[in-house]
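*Asks:* Okay, here's the structure, questions in a sec.
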Amino acid sequence: MQVRVLVRLKPGVLDPQGRAVHHALEGLGFAGVEDVRIGRLIELDLADGTDDDTIKAMCEKLLANTVIESFTIETGAAG
Amino acid sequence: MAFRAAVITFPGSNCDRDMARALEAVSGQPAVRVWHGDADLPDRLDLIALPGGFSYGDYLRSGAMAATSPIMRAVIAAAERGVPVLGVCNGFQVLTEARLLPGALLRNAGQRFVCRTVGLTVENTASLFTAGYTAGATIRIPVAHHDGNYYADADTLDRLEGEGRVAFRYTEGVNGSARNIAGVLSANGRVLGMMPHPERAIEPAAVPALGGADGRKLFENILASLAAA
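Line by line, the protein sequences give chains A and B. Using this note's numbering, the letters of the first sequence map in sequence onto residues 3 to 81. Using this note's numbering, the letters of the second sequence map in sequence onto residues 6 to 234.
The following block contains the structure:
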């Protein structure tokens with residue numbers, strides 16, 4: 003089964019990368035860029051039937067650092 | 006005095022030899038070198054040091070992979086028994102990822118790798134690492150990092166400050182760290198994580214290019230606390 007984990011910096015946590023990309027977009031002449039935040043997409047190929055609690059534990063133990071990041075889990079995503 | 010310190014080496018550690026050398030220079034005893042894949046630490050350690058570097062290539066997040074390595078289970082167990090642990094730079098990142106210390110180290114606010122000698126204010130003089138410093142004194146220690154921007158939520162920062170667990174603060178903006186925090190202590194004061202490199206500032210001779218000698222005191226403090234215990 004395909005699982006996608008989206009890891010994002012929590013609101014309020016400074017994202018220097020996002021800020022630099024924001025400036026770069028403006029430098030390229032794109033108007034109206036209000037904010038840029040950069041996260042991480044992790045694609046997992048798991049054994050069928052892996053339960054949600056196990057996936058959540060993977061996120062909490064390693065894939066995200068919950069001090070600074072939040073995560074969302076999308077199961078059953080088409081490849 | 007017998008002094009037994011272990012220096013952990015992860016793949017990508019690059020300050021492990023400096024750390025071992027600093028410990029040997031100050032204590033006169035060789036440091037035990039431990040590999041990340043080892044399951045066990047040597048017996049009766051007086052200190053465990055996690056060195057700087059780029060463990061596991063900083064994959065996922067700085068320190069995240071190292072925090073899951075076999076030896077870290079032993080380090081966490083030792084810390085829970087009260088064995089002193091010092092994490093410098095990447096070692097600090099590993100300690101936060103292993104949840105032995107609160108907070109996290111984010112990318113420097115200025116996006117750039119910062120490599121220079123900076124001023125630190127000594128905030129805590131009660132811990133075994135800091136007892137020999139003068140409260141409020143400014144010491145000069147080199148930094149060299151890309152992810153040294155200390156972050157914790159406001160409640161955690163208030164708690165750390167209220168409990169005297171901020172060991173060192175930058176005297177100037179270096180990397181965007183919350184409240185200019187450069188080093189923090191665990192609740193029992195026996196785990197210290199800091200971004201600056203005391204092991205690069207141990208030369209007593211007046212050789213500023215070698216980082217000065219303000220870091221030597223930190224290692225001397227550890228030895229003195231053991232002698233007093």
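Virtual Cβ for every residue (Gly too), placed ideally from N, Cα, C. Just so we're clear, the structure is a prediction, and the values are computed from it rather than from any experiment.
(1) Identify, in the order they occur along the chain, each residue of the same chain with its Cβ nearer than 8 angstroms to the Cβ of residue 195/B, setting aside the five sequence neighbours on each side.
(2) Quick one: is residue 205/B buried, meaning 16 or more other Cβ sit within 10 Å of its Cβ, or exposed?
(3) Helix, strand or coil for residue 29/A per DSSP?
(4) Just to confirm the assignment, what range does the beta strand (DSSP E) spanning residue 147/B have?
(5) Measure how close the beta-carbons of residue 13/B and residue 31/B come, nearest whole angstrom, since I'm counting them as under 8 angstroms.
(6) Suppose the cutoff is 6 angstroms on Cβ atoms and the five residues either side in sequence are ignored; what does the same chain contact list for residue 192/B look like?
(7) Cβ of residue 98/B less than 8 angstroms from any chain A Cβ?
(8) Mind listing, in chain order, the continuous beta strand (DSSP E) runs of no fewer than 3 residues lying wholly within the region 164 to 197 of chain B?
(9) I believe residue 56/B touches residue 11/B by the beta-carbon criterion, under 8 angstroms. Please report the beta-carbon distance rounded to the nearest angstrom.
(10) CB-CB under 7 angstroms to residue 151/B, same chain, minus the five flanking residues each way: which ones, in chain order?
(11) Any C-beta of chain A sitting closer than 8 angstroms to the C-beta of residue 155/B?
(12) Could you tell me whether the Cβ of residue 33/A comes closer than 8 angstroms to any Cβ of chain B?
(13) Have a look at 65/A, 53/A, 20/A and 3/A and flag the residue whose alpha-carbon is nearest the alpha-carbon of residue 43/A.
(14) From the DSSP output, which residues share a beta bridge with residue 72/A?
(15) DSSP beta-bridge partners for residue 60/A?
(16) Which whole-angstrom value is the C-beta distance of residue 169/B and residue 143/B, which I expect to be below 8 angstroms?
(17) What's the gap between the Cα of residue 129/B and the Cα of residue 217/B?
*Replies:* Result, derived from the coordinates:
(1) 84, 87, 88, 89, 90, 132 and 133
(2) buried
(3) helix
(4) 143 to 150
(5) Incorrect: roughly 18 angstroms between the Cβ atoms, too far for contact.
(6) Result list for residue 192/B: empty, nothing under 6 angstroms.
(7) no
(8) 171 to 175 and 186 to 190
(9) Not confirmed; about 11 angstroms, so no contact.
(10) Excluding the 5 residues flanking it on each side, residue 151/B has same chain C-beta neighbours closer than 7 angstroms at 112, 113 and 118, in chain order.
(11) no
(12) no
(13) 65/A
(14) 10/A
(15) According to DSSP, residue 60/A bridges with nothing at all.
(16) Not really, about 18 angstroms apart at Cβ, beyond 8 angstroms.
(17) Near 21 angstroms, if we compare the C-alpha coordinates of residue 217/B and residue 129/B.
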